[in-house]
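**Student:** Just dropping this structure here.
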Amino acid sequence: MRRVIRPVPAFSLLAIVFSLLLLTHGKPAWADTPAQGAQDLVRSLSDEATALLNKTGESSEKRVESFRGLLRQYFASSAIGRWVLGRYWRQASDAERKEYLSLFEDYIVYGYVKRFSDYSGEQLKILRATENDQRSVTVFSEFIRPGGDKPIRVDWRVGHKGDTYRITDVMVEGTSLSQTLRSDFASTIHQGGGNVESLLIVLREKVAELKIDLGISA
Amino acid sequence: MERMTFVVDGAMATFRGAPTRFLAALLVVFSISGCASAPDPSDTEAYAEYQEINDPLEPMNRAIFQVNRGLDTLILKPFAIMYSVFLPPAFQTGIHNFLNNLQTPVILANDLLQTNMNNAGVTFTRFLINTTLGVGGLGDPATELGWQRHEDDFGKTLAVWGVGEGPYLMLPVIGPSNPRDATGRVVDSLILDPIGLLGTLGNDALFPYSMTRTVLTAVDTRSRFLDEFDEVEKTSLDFYAAVRSLYRQNRRNDVDKFIYQRWKPASEREEQPAEPATTDFPDMSDMPELDEPLPE
Chain A
10 MRRVIRPVPA
20 FSLLAIVFSL
30 LLLTHGKPAW
40 ADTPAQGAQD
50 LVRSLSDEAT
60 ALLNKTGESS
70 EKRVESFRGL
80 LRQYFASSAI
90 GRWVLGRYWR
100 QASDAERKEY
110 LSLFEDYIVY
120 GYVKRFSDYS
130 GEQLKILRAT
140 ENDQRSVTVF
150 SEFIRPGGDK
160 PIRVDWRVGH
170 KGDTYRITDV
180 MVEGTSLSQT
190 LRSDFASTIH
200 QGGGNVESLL
210 IVLREKVAEL
220 KIDLGISA
Chain B
2 MERMTFVVDG
12 AMATFRGAPT
22 RFLAALLVVF
32 SISGCASAPD
42 PSDTEAYAEY
52 QEINDPLEPM
62 NRAIFQVNRG
72 LDTLILKPFA
82 IMYSVFLPPA
92 FQTGIHNFLN
102 NLQTPVILAN
112 DLLQTNMNNA
122 GVTFTRFLIN
132 TTLGVGGLGD
142 PATELGWQRH
152 EDDFGKTLAV
162 WGVGEGPYLM
172 LPVIGPSNPR
182 DATGRVVDSL
192 ILDPIGLLGT
202 LGNDALFPYS
212 MTRTVLTAVD
222 TRSRFLDEFD
232 EVEKTSLDFY
242 AAVRSLYRQN
252 RRNDVDKFIY
262 QRWKPASERE
272 EQPAEPATTD
282 FPDMSDMPEL
292 DEPLPE
């Protein structure tokens with residue numbers, strides 16, 4: 010067989026270099042409006058999550074860590090954690106804040122990985138996005154269920170600053186995850202006498218409990 | 002998702018002479034249990050939080066919640082598990098449709114009270130189609146023919162008339178509520194439901210029927226939330242507070258959505274109207290950099 014080697018024309022070389030530049034820059038070139046950028050973020054999360062869920066035979070630890078990776082990449086965990094703590098954030102000492110944020114991430118990871126894993130077989134259909142203000146967009150979507158059941162409505166609140174897009178809240182059928190956590194945490198602090206340490210005690214226990222449930226050794 | 006409660010629909014209708022006794026008992030509980038004391042209004046943040054939680058009867062509500070959980074664990078949940086495990090899914094769907102169809106008079110009455118002829122027409126047509134083609138309501142061909150179901154109750158009617166939800170209220174057996182929707186429930190089950198009305202007027206002939214219906218509704222509703230409820234219980238730090246927040250958000254969303262698009266024809270109603278749902282989103286505008294890493 011004869012191989013034909015054709016010279017690469019200059020303009021296609023340029024195109025290759027240009028697209029490589031774009032790739033390494035890591036910025037979605039098509040995100041020209043915040044609404045588009047936010048939709049791309051949710052779609053990309055959905056694609057990665059689907060790929061992750063389709064991997065079979067993974068250990069519980071492995072799955073948890075992949076889930077943690079997605080959380081870090083797509084969610085404004087730190088901002089959510091602070092908002093959830095609300096007015097108690099200012100009362101907290103530096104050491105308490107540090108421990109709180111780290112426990113908060115563990116709590117989300119271990120608490121939601123099961124719910125996340127249960128969502129296999131469903132498809133996320135992104136419907137549209139609206140810009141709420143200068144800083145945030147709501148992406149409307151629904152989970153299409155395989156059995157033909159009524160789709161589950163999911164709204165994503167996406168914050169953005171420059172080229173950075175991060176999810177700040179997920180609303181399932183109109184109930185906000187961040188809001189629910191905030192009420193739950195505030196009430197826990199109340200029950201514990203009004204200090205942040207009382208919340209940390211409960212959070213430590215809860216995280217340990219959730220880990221045992223998942224079969225992960227501490 | 003329907004209401005995130007293991008509500009016993011029409012429970013009040015079934016216990017003869019119960020409403021007066023129930024109210025009397027409620028009054029007694031109100032008077033003996035202390036109210037959670039309001040913080041000093043000069044502490045603005047604490048006061049804002051207190052108003053947002055809006056649960057002045059929290060100690061009593063928590064006590065009732067504990068009793069309800071006990072009843073759920075001992076009675077309702079085991080039946081709901083058996084129901085969802087042993088009954089074939091097609092049967093479960095049939096029963097669910099059948100119970101939905103029996104709600105027609107209550108929904109229709111509320112549509113009419115809101116003078117919403119459009120909704121009333123849909124409810125009535127659905128009833129005709131599902132009772133005939135759907136074999137007594139076991140099937141739901143109306144939905145496939147483009148007549149989408151909407152839920153309606155006297156709590157929503159009151160909301161349409163401008164009544165606010167008021168403080169949180171945990172009702173014995175029935176579950177999370179508020180004064181507006183608790184009133185709505187009493188009116189629905191004792192006056193607007195024909196069988197309930199018959200009982201209210203002193204005719205007990207259909208008592209076994211309404212009892213069966215109440216029990217079935219409770220089991221059907223509970224069986225739909227088995228996993229979700231377990232997950233919330235497992236992951237929440239304060240289960241009571243998590244249920245309170247979830248119930249309230251869910252009900253608000255239901256009512257807002259209903260009011261927002263009640264004049265739209267069923268075919269134009271969206272699962273996701275852009276308007277009402279955005280109100281409760283947290284405002285993180287004063288937050289630090291979005292991609293600030295968490296501490297290791």
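Read top to bottom, the protein sequences are chains A and B. Just so we're aligned: 56 in the numbering used here is position 47 of the first sequence, and the numbers increase by one with no gaps anywhere. Just so we're aligned: 120 in the numbering used here is position 119 of the second sequence, and the numbers increase by one with no gaps anywhere. For each residue, glycine too, the CB sits at the ideal point set by N, CA and C. As the structure is a computational prediction, the values presented were derived from the model and not from experiment.
(1) Hey, A/Tyr119 and A/Leu219: beta-carbon distance below 7 Å or not?
(2) Since A/Phe152 is in the beta strand (DSSP E), which residue starts that stretch and which ends it?
(3) State the CB to CB distance for the pair B/Thr124 and B/Ile108, rounded to an integer number of angstroms; the pair is presumed to be in contact (CB under 8 Å).
(4) Name the chain A residues that come within less than 8 Å of B/Arg186, Cβ to Cβ?
(5) Along the chain, where does the alpha helix (DSSP H) that runs through A/Ile221 open and close?
(6) Just checking: is the beta-carbon of B/Gln115 within a distance shorter than 7 Å of some beta-carbon in chain A?
(7) Exposed or buried, what is B/Asp154 when buried is set at 16 or more other beta-carbons lying within 10 Å of its beta-carbon?
(8) Taking the CB atoms as reference points, tell me whether A/Val146 and A/Ala44 lie closer together than 7 Å.
(9) What's the call for A/His34, buried or exposed, on a 16-neighbour Cβ count within 10 Å?
(10) With a threshold of 8 Å on Cβ separation, who are the neighbours of B/Gly185 within its own chain once the five nearest residues in sequence on each side are excluded?
(11) Find the nearest neighbour of B/Phe240 within the set A/Ser196, A/Gly201 and A/Leu223, judged by alpha-carbon distance.
(12) What in chain B is Cβ-close to A/Gly78, meaning under 7 Å?
(13) For A/His199, which three-state DSSP category applies?
(14) Can you grab the Cα-Cα spacing for the pair B/Phe16 / B/Gly140, in whole Å?
(15) If you count every other CB in all the chains shown that lies within 10 Å of the CB of B/Gly203, and 16 or more means buried, which is it?
(16) Whose CA, out of A/Gln143, A/Val181 and A/Leu80, lies closest to the CA of A/Phe152?
(17) Thinking C-alpha only, which one of A/Ser69, A/Glu74 and A/Ile89 is nearest A/Arg191?
(18) Any C-beta of chain B within less than 7 Å: which residues of the stretch 183 to 208 of chain A qualify?
(19) Short of 8 Å Cβ to Cβ, which residues in the stretch 213 to 224 of chain A face chain B?
(20) Closest by CA to B/Trp162, which one among B/Thr105, B/Pro40 and B/Leu114?
(21) Would you mind listing the beta strand (DSSP E) stretches within the stretch 239 to 266 of chain B that are 3+ residues and don't spill past its ends, in chain order?
(22) So is B/Asn101 in contact with chain A if we call contact Cβ pairs under 7 Å?
(23) Does DSSP put B/Phe226 in a helix, in a strand, or in coil?
(24) Mind pulling the chain A residues with CB within less than 7 Å of B/Glu46?
(25) Cutting at 6 Å between CB atoms, please list the residues of its own chain near B/Phe128, excluding the five before and the five after it.
(26) Report the residues of the stretch 59 to 84 of chain A with a CB closer than 7 Å to any CB of chain B, ordered along the chain.
(27) Do we get a CB-CB distance below 7 Å when we pair A/Val211 with the residues of chain B?
(28) Can a CB atom of chain A be found closer than 7 Å to the CB of B/Leu321?
(29) Taking C-beta pairs closer than 7 Å, name the residues in chain A that B/Asp239 reaches, listed in chain order.
(30) Under 7 Å, Cβ to Cβ, is there at least one residue of chain A near B/Thr94?
(31) When the distance is taken between beta carbons, is A/Asp142 closer than 7 Å to B/Ala243?
(32) Around the C-beta of A/Glu131, are 16 or more other C-beta atoms found within 10 angstroms, so that it is buried, or is it exposed?
(33) Report yes or no: is there a C-beta of chain A within less than 7 Å of the C-beta of B/Ser224?
(34) By the three-class DSSP mapping on this structure, what secondary structure does B/Thr74 have?
(35) Would you say A/Gly120 faces chain B, with C-beta separation under 7 Å as the test?
(36) Taking only three categories from DSSP, how would you classify B/Pro302?
**Tutor:** According to the data block:
(1) The beta carbons of A/Tyr119 and A/Leu219 sit closer together than 7 Å.
(2) Ser145 to Ile153
(3) 5 Å
(4) The contacting residues do not exist; B/Arg186 stays about 21 Å from chain A at best.
(5) Val205 to Leu223
(6) For B/Gln115, not one C-beta of chain A is nearer than 7 Å to its own C-beta.
(7) buried
(8) yes
(9) Caution applies to A/His34, whose pLDDT of 46 falls short of 50 and renders its modelled position unreliable; the value that the coordinates give is listed next. Exposed is the call here.
(10) Cβ neighbours of B/Gly185 beyond the five flanking positions: Asp154, Phe155, Gly156, Lys157, Thr158 and Leu159.
(11) A/Ser196
(12) Chain-ordered listing is empty here: chain B has no CB closer than 7 Å to the CB of A/Gly78, the nearest sitting near 13 Å.
(13) helix
(14) Below a pLDDT of 50, predicted positions are generally treated as unreliable, and B/Phe16, at 41, falls in that range; the measurement from the model is reported next regardless. Distance between the alpha carbons of B/Phe16 and B/Gly140: 30 Å.
(15) Looking at its Cβ environment, which holds fewer than 16 other Cβ atoms inside 10 Å, B/Gly203 is exposed.
(16) A/Val181
(17) A/Ile89
(18) Gly183, Thr184, Ser185, Ser187, Gln188, Thr189, Ser192, Asp193, Phe194, Ala195, Ser196, Thr197 and Gln200
(19) Lys215, Leu219 and Asp222
(20) When only C-alpha atoms are compared, the closest one is B/Leu114.
(21) none
(22) no
(23) coil
(24) Arg96
(25) Thr105
(26) Taking 7 Å as the cut-off between beta carbons, none of the residues of the stretch 59 to 84 of chain A comes near chain B.
(27) yes
(28) Within the shown structure, residues of chain B are numbered from 2 to 297, placing residue 321 of chain B beyond reach of any answer.
(29) Asp193, Ser196, Thr197 and Gln200
(30) For B/Thr94, the answer is no, since every Cβ of chain A falls outside 7 Å of its Cβ.
(31) No, the Cβ-Cβ distance between B/Ala243 and A/Asp142 is not below 7 Å.
(32) buried
(33) no
(34) helix
(35) yes
(36) Not covered by the structure: residue 302 of chain B. The range shown for chain B is 2 to 297.
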